[in-house]
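Colleague: Per my numbering, the sequence shown starts with residue 1, numbered consecutively. Let me begin by handing over the structure; questions about it come next.
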Amino acid sequence: MGEILEEFISGFCRSSNETRTVACEYERQEDGSLRMTEFDCNYEKCPNSAACLIYKEARKRADGNLELD
Ligand code: SF4
Numbered sequence: 001m002g003e004i005l006e007e008f009i010s011g012f013c014r015s016s017n018e019t020r021t022v023a024c025e026y027e028r029q030e031d032g033s034l035r036m037t038e039f040d041c042n043y044e045k046c047p048n049s050a051a052c053l054i055y056k057e058a059r060k061r062a063d064g065n066l067e068l069d
């Protein structure tokens, strides 16, 4: 198992109509990229998930392979 990184991503949540912070977990892959392994929100059941900016930001951090703190 690769290195595990945790990030807290804040943004506007349409479902709760307020700012929310979602804890995310990433696992460092052998090629150095990050794979998101946890998004601490019920994304699959959320009716606003397709437009969720918090989720998009969380994915972007993995896809962009940015260094996390
Ligand atoms: S997936 Fe839905 S409930 Fe979760 S943060 Fe995004 S808008 Fe809010």
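For each residue, glycine too, the CB sits at the ideal point set by N, CA and C.
1) With C-beta atoms as the reference, is E27 less than 9 Å away from E57?
2) Measure the alpha-carbon distance for E10 versus C52 and round it to whole angstroms.
3) Shorter than 8 Å, the distance from the beta carbon of R61 to the closest heavy atom of the ligand GTP, or not?
4) Measure the alpha-carbon distance for D69 versus S49 and round it to whole angstroms.
5) Do V22 and L8 count as a contact pair if the criterion is CB distance below 9 Å?
Modeller: Short version:
1) To locate residue 27, count along the sequence shown from 1; it is residue 27. To locate residue 57, count along the sequence shown from 1; it is residue 57. Contact flag unset, no.
2) Locating residue 10 in the sequence shown gives position 10, where the first residue counts as 1. Locating residue 52 in the sequence shown gives position 52, where the first residue counts as 1. What sits at residue 10 in the sequence shown is Ser, not Glu. Each residue's alpha carbon lies about 11 Å from the other.
3) This structure lacks the ligand GTP; its bound ligands are the ligand SF4.
4) Looking up residue 69 in the sequence shown gives position 69. Looking up residue 49 in the sequence shown gives position 49. With a pLDDT of 47 at D69, under the threshold of 50, the modelled position of that residue is not reliable, and no figure is offered here.
5) Counting from 1 along the sequence shown, the entry for residue 8 is found at position 8. Counting from 1 along the sequence shown, the entry for residue 22 is found at position 22. The residue you asked about is not Leu; residue 8 is Phe in the sequence shown. Contact flag set, yes.
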